[in-house]
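For the sequence shown, the numbering used here gives the first residue as 243, with consecutive numbering after it.
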Amino acid sequence: MPTRTAELQYLRRILAANRDRFLHESGSDHSHEQYFYKYNDDSIFLAQVEVSGAFKGEHWKSLTCVVGIYYHQFPGYGKPRLDPGGRPIPTYRQARLTIGFERTLDQSSITSSLSNPILQYDRYIWHVLEDESNLAEVLHDMAVGLREVGYPTAARPAFSRAHMLEKERR
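Quick look at the structure:
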């Protein structure tokens, strides 16, 4: 099993090589490290791509992605740092909500052979083969899912800043 350092090096390498395509396919406005951002009037949607570690076992190169919502001028959660271009780049710790979304890519040929039964049914993990031969299709499915499900879910009125402030007052 690789170290956390090896996982981060792998993640940085694959995201650097595929950043422009992922930005375009996901509809994101900007990226920084493993985060992809979509800027809105009263919030920032941030998608965090991570190595799943596949429960510290098989397919350690597999990926996960969650969408967080950072609200401008919301009580608590701190002020995000700025990137060199002056854009706020919040992290998942500054997100008020996080939302998962499932892969649509059929990976049954991979998951059926896994020894961990939990991993066989977990649709929040995109399995990347050891030789990375399926990395392009994994990242494409994740980007499309982010554009078609992740960001639209975060944009629902129930998750608006006004709605969240109203909930805070109760």
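All C-beta atoms in this analysis are idealised placements derived from N, C-alpha and C, irrespective of residue type, glycine included.
Nearest residue (CA-CA) to residue i, options the options
i, options, result
"residue 303", "334, 376, 281", "376"
"residue 414", "291, 357, 309", "No answer is possible for residue 414: the residues shown for the chain start at 243 and end at 412."
"residue 255", "270, 279, 293, 267", "293"
"residue 407", "312, 316, 356", "316"
"residue 345", "355, 336, 306, 326", "306"
"residue 374", "244, 248, 252", "252"
First through last residue of the alpha helix (DSSP H) which encompasses residue i
i, result
"residue 289", "It is not in any alpha helix (DSSP H) - residue 289 instead sits in the beta strand (DSSP E) that spans 285-293."
"residue 247", "246-268"
"residue 387", "377-387"
Other residues of its chain near residue i: CB distance less than 6 Å, five sequence neighbours each side excluded
i, result
"residue 397", "none"
"residue 314", "284"
Beta strand (DSSP E) segment containing residue i, residue limits
i, result
"residue 308", "305-313"
"residue 339", "339-342"
"residue 273", "272-274"
Distance between beta carbons of residue j and residue i, contact taken as under 8 Å
i, j, result
"residue 326", "residue 312", "Incorrect: roughly 19 Å between the Cβ atoms, too far for contact."
Cutoff 8 Å; reference residue i; Cβ partners in own chain excluding five residues on either side
i, result
"residue 387", "307, 343, 344, 345, 346"
key: Inter-stretch contact at 8 Å, needing at least 3 Cβ pairs: the stretch 280-290 / the stretch 386-404   = Counting C-beta pairs with one atom in each stretch, the stretch 280-290 and the stretch 386-404 have three or more that are closer than 8 Å, which means they touch.
message = Under 8 Å, with one C-beta from each stretch per pair, do the stretch 320-336 and the stretch 366-384 reach the 3-pair mark?
response = The answer is no - the stretch 366-384 does not touch the stretch 320-336, with fewer than three Cβ pairs under 8 Å.
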